[in-house]
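Report on the following structure.
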Amino acid sequence: MARKKIALIGAGNIGGTLAHLAALKSLGDVVLFDVVEGVPQGKALDLRQCAPVEGFDVDVKGTNDYADIAGADVIIVTAGVARKPGMSRDDLLGINLKVMKAVGEGIAANAPDAFVICITNPLDAMVWALREFSGLPHQKVVGMAGVLDSSRFSAFLAEEFQVSIKDVTSFVLGGHGDTMVPVIEYSTVSGIPVPDLIKQGRSTQEKIDAIIQRTRGGGGEIVALLKTGSAYYAPATSAIAMAQAYLGDEKRVLPAAVHLTGQYGVDNLYVGVPVVIGAGGVEQIVEIALSDEAKKNLDVSVDAVKELLVACKAIDGSL
Ligand code: TXD
């Protein structure tokens, strides 16, 4: 069987880490694309020099030419710019929207059969725009945020309960960022829901509320520490888990930003919900009953995503 091909659009902090992980795990040949000349080539050369030590046989190539992503099985998109001082949210939106247009066209022309995972912020709007510009089927274009957000939530819960991370599952819905909705009723330690653990006196509602707030601000906490960029190890690991689910037809149940067509009362928007990822891309959307509070929080999150799409449409009339 021929090797799989993983194309990474954007060779920055997350793109480079994705390339490293994909090579270490031998997911397939890796193509690292960026508009900046030299960076993808330099990172690819450095990564190829890991091969003798690690013993991976996959190739890693750096490029500035979309033709090199031809036939990719998985494409992970991190291309874009981060917000700089003095730049409004709309300025950022305008710039990254243009990037999504270029990336969407590059994918449509060279790798229309790929499973595409978008990471670029503002995530829920960018994945929607990337799908529109690429014209790929909705089930083949997803956004990565939920795996990262729930991973952060799980890490904090494991610390709080002093248990192995292996026994913690957590559940996060909604958009990426301040409006995400961690759902404690579906977050468990070995199947025991967090509210039951609070009843057992293993934690308090106040402590769990503080963990929820910390999870919502999880990206900001890291930006404040790094000062010159945002998180990249955990975002990259999270996207790789999604890529593996697709490549291995694993049917994993993972939270992802996907196109909803009425589920959770949401129509024609990309919002984070649990889905089944397998060889068909998004194979199922998992709908769960929500408490009134979770439903209310999800509505706030959905409204925030809708606002972003209105702004995108005002910037680019073709959307
Ligand atoms: O959970 C999530 N979805 C996220 C999202 C978690 C963390 C960070 N998240 C967002 O991912 C972040 O706000 C950014 O929008 C992306 C990528 O983050 P990264 O840390 O990798 O950013 P870098 O290091 O600035 O890399 C971006 C690269 C950089 O090399 C640019 O030259 C390149 O994108 N770039 C482009 N590549 C291809 N094509 C175009 N047009 C282009 N424009 C810039």
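One point on numbering: in the UniProt record's numbering, the residue at position 121 of the sequence shown is 121, and numbering is uninterrupted. Think of the CB as a built atom: it goes at the ideal place given N, C-alpha and C, for glycine as much as any other residue.
Helix or strand or just coil, what does DSSP make of residue i?
i, result
"residue 162", "coil"
"residue 292", "helix"
"residue 112", "coil"
"residue 269", "strand"
"residue 254", "strand"
"residue 283", "strand"
"residue 312", "helix"
"residue 122", "coil"
"residue 195", "helix"
"residue 306", "helix"
"residue 29", "strand"
Within this structure, are the beta carbons of residue i and residue j separated by less than 8 angstroms?
i, j, result
"residue 124", "residue 143", "yes"
"residue 8", "residue 132", "no"
"residue 64", "residue 34", "yes"
"residue 4", "residue 28", "yes"
What residue from the options has the CA that sits closest to residue i's CA?
i, options, result
"residue 303", "291, 319, 266, 294", "266"
"residue 48", "14, 20, 73", "20"
"residue 275", "255, 262, 78, 259", "255"
"residue 322", "44, 122, 28, 24", "An answer regarding residue 322 cannot be provided, because it is not within the stretch 1 to 319 covered by the chain."
"residue 102", "78, 115, 87, 88", "78"
Express the C-alpha separation of residue j and residue i in angstroms, rounding to a whole number.
i, j, result
"residue 281", "residue 246", "6 angstroms"
"residue 200", "residue 192", "11 angstroms"
"residue 135", "residue 128", "11 angstroms"
"residue 80", "residue 120", "6 angstroms"
"residue 166", "residue 140", "29 angstroms"
"residue 55", "residue 75", "24 angstroms"
"residue 228", "residue 85", "12 angstroms"
For ligand 2, is there any heavy atom lying closer than 7 angstroms to the beta carbon of residue i?
i, result
"residue 176", "Absence of ligand 2 is noted for the structure shown, with ligand 1 being the only ligands found."
Within the chosen definition, does the region 224-239 reach the region 275-290 through at least 3 CB pairs nearer than 8 angstroms? no
With three or more beta-carbon pairs closer than 8 angstroms as the criterion, would you say the region 82-94 touches the region 303-315? yes
Inspect the CB distances between the region 58-78 and the region 101-117 and report whether three or more fall short of 8 angstroms. yes
Check whether the region 154-163 and the region 222-232 are in contact - that is, three or more C-beta pairs closer than 8 angstroms. no
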